[in-house]
Amino acid sequence: MAPPEAEKPVDHTLNRRPSVSKGENTEISNDAARLMAMGYQPQMRRDISTLQLIGVAFMVTASWLGVLGGFTTGVVVGGSVCLIYGLIIVGVFSTFFAITLGELASAMPTAGGQYYWVSVLAPKKLSRPSAFFTGLCNLAGGVVATAGSSVLLGNMVLAVLSSISRHCDSALVSLATPIFRGLSSV
C-alpha cells in the first residue's frame, strides 16, 4: 500500500525552469523582497549616495532656514542661555524621535510614512480617524513650514535692503507683505 500524499517528503529546493524568452537574470534584493511581501511592486531605483541623501534631507526639511529663524528668535527672547540649553534639550528629544521613526521605517518601509504607520498600529476602531488626523497634521506642518520660510526670507530681504539703505523708513517695512506674498507664490 502506497503512503498517503501528506507523508511524502517535500522538496524545498527551488528549481528554476528555463525561460521561454531570453531575459535578464535579475536578483531580488532584500528591500524588493520586503516590498513584494507587503504587496507592492518595486518601481523606483534604490541607489542613493550619502551626499544625495544629505541634499534631499536639507531640501525637504529646509533646515538651514529653520536654524536661522530659530537662532534669531532664541537670541531675542532668551539670549545665549536659551540657545545653548535649548539646542541640547531639543537635540536629545529629536534624537529619540529620529530613532523611533527609523525603527518604524525599517519595519514598514512605505512612502506613506506616519499616517500609514498610525493606520496599521492604531486600534481598528480608531485606525482610520487617527490616520486621517495624522495626515492632516502632516499637511498643516508643510503649509506652516512653507509660510515660515517665506516670512523668514522676506525678513532677510528687508534686512539686506535696510543695511544697504541708510534711511530705513516705514516705506521699506511696508514691503514685508508683498515680499512675503511673492515668495509664497513661488
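Heads up: the sequence shown runs through residues 468 to 653, numbered per our numbering. Glycine included, every Cβ here is placed at the ideal spot set by N, Cα and C. Note that the structure is a prediction, hence the values are computed from the model and not measured.
Residue range of the unbroken alpha helix (DSSP H) whose run includes Y507: Premise fails: Y507 is in no alpha helix (DSSP H) and is neither H nor E.
Cα separation between V585 and L568? One alpha carbon belongs to V585, the other to L568, and they sit about 12 Å apart.
Given a threshold of 16 other Cβ atoms within 10 Å of its Cβ, counted over all protein chains shown, does T601 qualify as buried or as exposed? Buried.
Between the segment 498-514 and the segment 580-597, are three or more C-beta pairs nearer than 8 Å? A contact is defined here as three or more CB-CB pairs under 8 Å, and the segment 498-514 fails this definition with respect to the segment 580-597.
Exposure label - S617; buried when at least 16 CB within 10 Å: Classification of S617: buried, given that the 10 Å Cβ count is 16 or more.
Is the Cβ-Cβ distance between L550 and V542 less than 8 Å? Taking 8 Å as the cut-off, the Cβ atoms of L550 and V542 count as close.
What distance in whole Å lies between the Cβ atoms of M575 and Y582, which are believed to be in contact at a cut-off of 8 Å? The pair is not a contact, with the Cβ atoms about 12 Å apart (cut-off 8 Å).
Distance check for I495 and L620, CA to CA, integer angstroms please. Rounded to whole angstroms, the separation of the alpha carbons of I495 and L620 is 46 Å.
Which residues bound the alpha helix (DSSP H) around M623? Unbroken alpha helix (DSSP H) run through M623: S594 to I631.
Would you say V624 and I646 are within 8 Å of each other, going by their C-beta atoms? Cβ atoms of V624 and I646: closer than 8 Å.
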